[in-house]
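*Asks:*
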C-alpha cells in the first residue's frame, strides 16, 4: 500500500517537471523597457506659421554622421550636455539669450515655467547607439530638474510623490524634446 | 546512549520523503507561468539594444506593437544580406508595409484602447538612423504617435 502511494507521487512530480520544462522553453522573461516619446503629428499647411518659436527658446542639439555632438552651435562632449541642458532650461541668471519663463497657474499655485524647447537633429548616418545616448542625457537632465523641483516644493523625490503631485511637477517642468523632421537634416 | 555516530542507529534514520518534491516543482511551475510570457515571434534580426539609464517600464505590454530593426541573423544572411532590415511579426518587411501592420494591430485592440497603443521600436545599436527616421515618418503618417525606444538598463552605474 505504502509503495503504491509513493509511486503515484513520483509521477506527479514527473508531470510537473515536464510542464515546467515546456514553459521554460516556450516563454520569455518580460523585459520591455525603454525611453517613451510622443511623435509630433504631421503638420497641416495652416498650422505651419504657428510653430514659429522665439529664437532664444530653442536649443539645437545635433549629432552628425560621425556621431559628433553639437549643442547650440559649438561642438560638445556628451559628458557636458546634461549641465548645458539644465542651465538652458532653468536660466538661473535670467540671461536674455536663454529661454524666457512664464508664470503659469497649476492647481491653484503659480510656478515659473520655462518655455525652452530642445530640438534634436540627427543625420541619416548617425548611429542609433549615439542617438539613444543623447536622448538619455536629455531625459536625465529633465528628470534631475524634476527631482530638484519636487524637493523644493514637496520635500520629496519625484518618484516618491503621489500621482497628482507628479502631474503638477510634469506640468511645471515639461519635457519638451522635439525630434526634427529628418528632411531638414538628412541632406548631408 | 549517544544519538549520533553509532552504527546501530543507522536503520532508524527515516528516508527523506519525496512527497514535497511535487509541491516544490509545482511552485516553480507557477512562478514561471506568472512571470513569463509566450514567445510570440521568432527573431529574424539581431537586436542588441543600446543602454540607457533613464528607461521606464512599459505599463501595458498587451497594448504594444513591436517593430524590430537590425541586421538579419546568420541563417538569413545568405538570402537578405547584412544590411539593416525591418521585421514585423514573423517576416522581413519594408517601410511601406508598416501602414498595414499598424492597421492590423489596431484592429486587434478594443476601440477604447486603440489610442493607448505604443509602438515599441526594438532597434539594434549599430543601426544607422536613416532607416529609423523613415520608420518614424511612416508612423507619423499612420498617426501612431506613441513610441518607445527600447533600451536596457546598464548593469552598473
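Protein chains in written order, with the numbering used here: chain W, 2 to 189; chain R, 58 to 214.
Glycine residues also receive a C-beta, built at the ideal position from the N, C-alpha and C atoms.
Within the 8 Å Cβ cut-off, does residue 13(W) reach chain R?
*Replies:* Cβ-Cβ to chain R under 8 Å: yes for residue 13(W).
*Asks:* Do the CB positions of residue 100(W) and residue 63(W) come within less than 8 Å of each other?
*Replies:* no
*Asks:* In angstroms, rounded to a whole number, what distance separates the CA positions of residue 188(W) and residue 161(W)?
*Replies:* Summary for residue 188(W): the model assigns pLDDT 42, below 50, so the residue's position carries little reliability, and this model does not support an answer.
*Asks:* For the pair the segment 66-79 of chain W and the segment 138-156 of chain R, tell me if three or more CB-CB distances fall below 8 Å.
*Replies:* Touching, no.
*Asks:* Roughly how many whole angstroms lie between the Cα atoms of residue 85(R) and residue 78(R)?
*Replies:* 11 Å
*Asks:* What residues are listed by DSSP as bridge partners for residue 35(W)?
*Replies:* 113(R) and 207(R)
*Asks:* Given a threshold of 16 other Cβ atoms within 10 Å of its Cβ, counted over all protein chains shown, does residue 124(W) qualify as buried or as exposed?
*Replies:* buried
*Asks:* Please state whether the Cβ-Cβ distance between residue 152(W) and residue 174(W) is less than 8 Å.
*Replies:* no
*Asks:* Taking the alpha-carbon of residue 154(R) as reference, which of 175(R), 191(R), 172(R) and 137(R) has the nearest alpha-carbon?
*Replies:* Taking only the C-alpha atoms, the option nearest residue 154(R) is 191(R).
*Asks:* Secondary structure at residue 83(W), three-state DSSP: helix, strand or coil?
*Replies:* helix
*Asks:* Could you name the residues of the segment 91-120 of chain W whose beta carbon sits closer than 8 Å to any beta carbon of chain R, in the order they occur along the chain?
*Replies:* Correct list: empty, as no residue qualifies.
*Asks:* Use the C-beta contact count for residue 186(W): other C-beta atoms within 10 angstroms, 16 or more gives buried, fewer gives exposed.
*Replies:* The pLDDT assigned to residue 186(W) is 43, lower than 50, so where the model puts this residue is not dependable; a value taken from the coordinates is nonetheless given after this. Classification for residue 186(W): buried.
*Asks:* Does the count of Cβ pairs from the segment 114-123 of chain R and the segment 170-189 of chain R closer than 8 Å reach three?
*Replies:* yes
*Asks:* CA-CA distance, residue 2(W) and residue 16(W)?
*Replies:* Bear in mind that a pLDDT of 48 at residue 2(W), under 50, signals an unreliable position, so the number given afterwards is only what the model happens to contain. Straight-line Cα distance between these residues: approximately 22 Å.
*Asks:* Should residue 160(W) be flagged as near chain R, meaning a C-beta pair shorter than 8 Å?
*Replies:* It does not: the Cβ of residue 160(W) has no partner Cβ on chain R nearer than 8 Å.
*Asks:* Go ahead and pull the three-state DSSP assignment for residue 178(R).
*Replies:* strand
*Asks:* Restricting to Cα atoms, I'd like to know which of 145(W), 121(W), 44(W) and 113(W) is closest to residue 38(W).
*Replies:* 121(W)
*Asks:* In angstroms, rounded to a whole number, what distance separates the CA positions of residue 61(W) and residue 119(W)?
*Replies:* 6 Å
*Asks:* So, using beta-carbon positions, are residue 150(R) and residue 130(R) closer together than 8 Å?
*Replies:* no
*Asks:* Please give the ranges of any beta strand (DSSP E) in the segment 81-153 of chain R, keeping only runs that are unbroken, at least 3 residues long and fully inside the region.
*Replies:* The qualifying runs are 93-95, 121-129, 142-145 and 148-150.
*Asks:* What residues of chain R sit near residue 89(W), judged by a beta carbon separation below 9 Å?
*Replies:* Within chain R, no residue comes near residue 89(W); the closest Cβ sits about 18 Å away, beyond 9 Å.
*Asks:* For residue 111(R), decide whether its Cβ has a neighbour in chain W, counting only Cβ atoms nearer than 8 Å.
*Replies:* Answer yes: the Cβ-Cβ gap between residue 111(R) and chain W drops below 8 Å somewhere.
*Asks:* Could you tell me whether the Cβ atoms of residue 156(R) and residue 195(R) are closer together than 8 Å?
*Replies:* Yes.
*Asks:* Taking residue 70(W) as part of the beta strand (DSSP E), name the residues at either end of that continuous run.
*Replies:* 70-72
*Asks:* Helix or strand or just coil, what does DSSP make of residue 111(W)?
*Replies:* strand
*Asks:* For residue 114(R) and residue 140(W), I'd like the C-alpha separation in whole angstroms.
*Replies:* 15 Å
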